[in-house]
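All remarks here apply to the structure that follows.
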Amino acid sequence: MASTWRLVLVLGAICFAASVALSSIYDLTKEPIAYQKKLEVIRSLEAVLPGMEVDPDSGYLDMQRKEGTPVRVFRSISDGKVDGAAFQVIAPDGFSGNIYIMMGVLPDGKLGGIVILSHAETPGLGSPIEKENWKGQFKGRSLEDTDFRVKKDGGDIDQMTGATISPRAVTGAVKKGLEWFADKKEEILTAGEKTS
Amino acid sequence: MTTYGKEFSKAFFKENPILVMALGLCPVLAVSTNAVNAIAMGLAATFVLVCSSTVVSILRKIIPNKVRIPAFIIIIASFVTIVDLTMNAFAHGVHKTLGLFIPLIVVNCVILGRAEAFASRNSVLKSIVDALGMGASFTVTLGVLGALREILGSGAIFGFPVLGTKYAAMLIMILPPGAFIALGLMLGTFNSFQRD
Chain A
0 MASTWRLVLV LGAICFAASV ALSSIYDLTK EPIAYQKKLE VIRSLEAVLP
50 GMEVDPDSGY LDMQRKEGTP VRVFRSISDG KVDGAAFQVI APDGFSGNIY
100 IMMGVLPDGK LGGIVILSHA ETPGLGSPIE KENWKGQFKG RSLEDTDFRV
150 KKDGGDIDQM TGATISPRAV TGAVKKGLEW FADKKEEILT AGEKTS
Chain B
0 MTTYGKEFSK AFFKENPILV MALGLCPVLA VSTNAVNAIA MGLAATFVLV
50 CSSTVVSILR KIIPNKVRIP AFIIIIASFV TIVDLTMNAF AHGVHKTLGL
100 FIPLIVVNCV ILGRAEAFAS RNSVLKSIVD ALGMGASFTV TLGVLGALRE
150 ILGSGAIFGF PVLGTKYAAM LIMILPPGAF IALGLMLGTF NSFQRD
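So this is what it looks like as structure tokens:
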């Protein structure tokens, strides 16, 4: 019996020490991690709404997507008017896993730009969707002047060598995002307090 | 050569964790798509290895034989979580690319292997030297593999293009099959020299 108690005691003590160490590290890193996450949002907002200022802590509107999932719409407001909105869209049909995209839209329905927030596409094959020379082509396009399909499917968006699935997924998600924006335009572009 | 020197250098040749013992191959294959990721992974694993070897060696006379494996795993898992949180807070970019593989250091056989085979039987100082040697060797081997795959697969090293624009990158080298091919070639070359 004595030896059993010893097993329990030693293992328990090790677990206790581990939890003390981990909770203090967690406390120490909580702030910097939250700060990094916020920095990431700020950076992506700057990239998709160039030249505009958005306060990620208060300059947003919580809305719902068509499927009922929540989406946070960040808005840049100057002179009491909304001059740009940015929100996240998810492409569920990538090569592996969801692709998270931040897209910025101007009041006239033109794209301010897109940023790939995270993805798990094949490195080297699908991953160039992150690169400026691919995603940059979205800037300034709108539903009126662009057929949001990759060229292989008869649209206007360049795919890249060797990979069609990832660009197709991103393009589809951006198109859906633009359509959603057109649908909710009034609500998003009405400045002031949260409307819903 | 002193005993400590021997404990350190054995990891590079006779007991090379990757090329001779073939341990911890999951992260080796997965993160060696480029040199930076490979080295970051190697350093993270080295940190966990040194810390856990030290603690295991200090506690080697207290931990009862029957519960040594769970005790080792708790110690290793704690250090991995510490690395995970710290990297997330202070090296956010690297953390994003290594992502999933940091928590997986827990099951890296090199670390449990050294705890079980060396640190639980040797003095603290010797265990630290052993862990440093193993970690350094793991990092160097992983770095070489990563560099090899990056040069062949994307014509660059540490992200800088070196082979010129005319080089047609062998995409397969940064895809999973390339990991096996490159590792196989390295293993073969290394062992053919070792035999003499």
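Line by line, the protein sequences give chains A and B.
Just so we're aligned: the first sequence equals residues 0 to 195 in numbering that gives the first Met the number 0.
Just so we're aligned: the second sequence equals residues 0 to 195 in numbering that gives the first Met the number 0.
All C-beta atoms, glycine included, are put in the ideal place defined by N, C-alpha and C.
The ligand MN heavy atom lying under 6 Å from the CB of residue i
{"i": "B/GLY92", "result": "Of ligands this structure carries none, so the ligand MN is not represented either."}
C-beta neighbour in chain A for residue i, strict 7 Å
{"i": "B/VAL66", "result": "yes"}
{"i": "B/THR80", "result": "yes"}
{"i": "B/LEU84", "result": "yes"}
{"i": "B/PRO102", "result": "no"}
{"i": "B/PHE157", "result": "no"}
{"i": "B/SER31", "result": "no"}
{"i": "B/ILE180", "result": "no"}
Candidates the options: closest to residue i by CA position
{"i": "A/SER43", "options": "A/TYR99, A/ALA16 and A/GLY93", "result": "A/TYR99"}
{"i": "A/VAL173", "options": "A/GLY103, A/ARG71 and A/SER95", "result": "A/GLY103"}
{"i": "B/SER56", "options": "B/SER31, B/LEU111, B/ALA181 and B/LEU103", "result": "B/LEU111"}
{"i": "A/ASP146", "options": "A/ILE13, A/CYS14, A/LYS130 and A/LYS175", "result": "A/LYS175"}
{"i": "A/ILE113", "options": "A/ALA90, A/PHE94 and A/ALA119", "result": "A/ALA90"}
{"i": "A/LEU21", "options": "B/ARG67, B/TYR3, B/CYS108 and B/ILE74", "result": "B/ILE74"}
{"i": "A/PHE86", "options": "A/SER77, A/ASP54, A/ASP92 and A/MET101", "result": "A/MET101"}
{"i": "B/LEU22", "options": "B/LYS60, B/ALA76 and B/SER136", "result": "B/SER136"}
{"i": "B/ASN33", "options": "B/LEU184, B/LEU147 and B/GLY183", "result": "B/LEU147"}
{"i": "B/GLY183", "options": "B/VAL161, B/HIS94 and B/LEU24", "result": "B/LEU24"}
{"i": "B/ALA168", "options": "B/GLY152, B/ALA39 and B/LYS9", "result": "B/GLY152"}
{"i": "A/SER57", "options": "A/ARG71, A/GLY67, A/PRO31 and A/TYR25", "result": "A/ARG71"}
{"i": "B/CYS108", "options": "B/ALA10, B/MET20 and B/THR1", "result": "B/MET20"}
{"i": "A/LEU38", "options": "B/LEU186, B/VAL82, B/ILE127 and B/ASN87", "result": "B/ASN87"}
{"i": "A/ASP152", "options": "A/GLY135, A/GLY171 and A/LEU142", "result": "A/GLY171"}
{"i": "B/ALA198", "options": "B/VAL66, B/VAL106 and B/PHE189", "result": "With chain B running from 0 to 195 in the structure shown, residue 198 of chain B is simply not present."}
{"i": "B/PHE89", "options": "A/GLY135, A/THR28, A/GLU185 and A/TRP4", "result": "A/THR28"}
Close-in-space but distant-in-sequence residues of the same chain around residue i (CB under 6 Å, 5 per side omitted)
{"i": "A/PRO127", "result": "TRP133 and MET159"}
{"i": "A/ALA33", "result": "none"}
{"i": "A/MET51", "result": "SER75 and GLY83"}
{"i": "A/SER195", "result": "Because A/SER195 sits at a pLDDT of 41, beneath the cut-off of 50, its placement in the model cannot be relied upon, and the point is left open."}
{"i": "A/ILE164", "result": "PHE94"}
{"i": "B/ILE104", "result": "ALA44, VAL47 and VAL79"}
{"i": "A/LEU105", "result": "GLY83 and GLY111"}
{"i": "A/PHE180", "result": "VAL104"}
{"i": "A/ASP92", "result": "ALA168"}
Below-7 Å beta-carbon distance, residue i vs any chain B residue
{"i": "A/VAL20", "result": "Looking at the sequence itself, residue 20 of chain A is Ala, so the reference to Val does not match. Closer than 7 Å: yes."}
{"i": "A/ARG140", "result": "no"}
{"i": "A/VAL9", "result": "yes"}
{"i": "A/GLN35", "result": "yes"}
{"i": "A/THR197", "result": "Only positions 0 to 195 of chain A appear in this structure, which leaves residue 197 of chain A out of reach."}
{"i": "A/PRO31", "result": "yes"}
{"i": "A/ILE13", "result": "yes"}
{"i": "A/ALA17", "result": "yes"}
7 Å Cβ shell around residue i - same chain, five flanking residues per side excluded
{"i": "B/TYR166", "result": "GLY154"}
{"i": "A/GLY139", "result": "LYS109 and LEU110"}
{"i": "B/SER31", "result": "ALA37, LEU141, LEU144, GLY145, ARG148 and ALA178"}
Residue i, DSSP secondary structure in three states
{"i": "A/VAL81", "result": "strand"}
{"i": "B/MET169", "result": "coil"}
{"i": "B/GLN193", "result": "helix"}
{"i": "B/PRO175", "result": "helix"}
{"i": "A/VAL19", "result": "helix"}
{"i": "A/MET283", "result": "As shown, chain A starts at 0 and ends at 195. That puts residue 283 of chain A outside it, with no answer to give."}
{"i": "B/GLY154", "result": "coil"}
{"i": "A/LEU38", "result": "helix"}
{"i": "A/ARG71", "result": "strand"}
{"i": "A/THR194", "result": "Residue confidence is low: A/THR194 scores 44 on pLDDT, short of 50, so the model does not pin down where it sits. Its coordinate-derived value is still stated next. Correct three-state label for A/THR194: coil."}
{"i": "A/PRO91", "result": "coil"}
{"i": "A/GLN136", "result": "helix"}
{"i": "A/LEU177", "result": "helix"}
{"i": "A/VAL114", "result": "strand"}
{"i": "B/MET20", "result": "coil"}
{"i": "B/PHE71", "result": "helix"}
Whole-angstrom C-beta distance between residue j and residue i, which should lie under 8 Å
{"i": "A/LEU124", "j": "A/ALA162", "result": "5 Å"}
{"i": "A/LEU188", "j": "A/VAL81", "result": "5 Å"}
Neighbourhood of residue i by C-beta, 8 Å cutoff - its chain only, sequence neighbours within 5 removed
{"i": "B/ARG120", "result": "ARG59"}
{"i": "A/LYS193", "result": "Here the model assigns A/LYS193 a pLDDT of 48, short of 50, so the residue's position is not dependable and the matter cannot be decided."}
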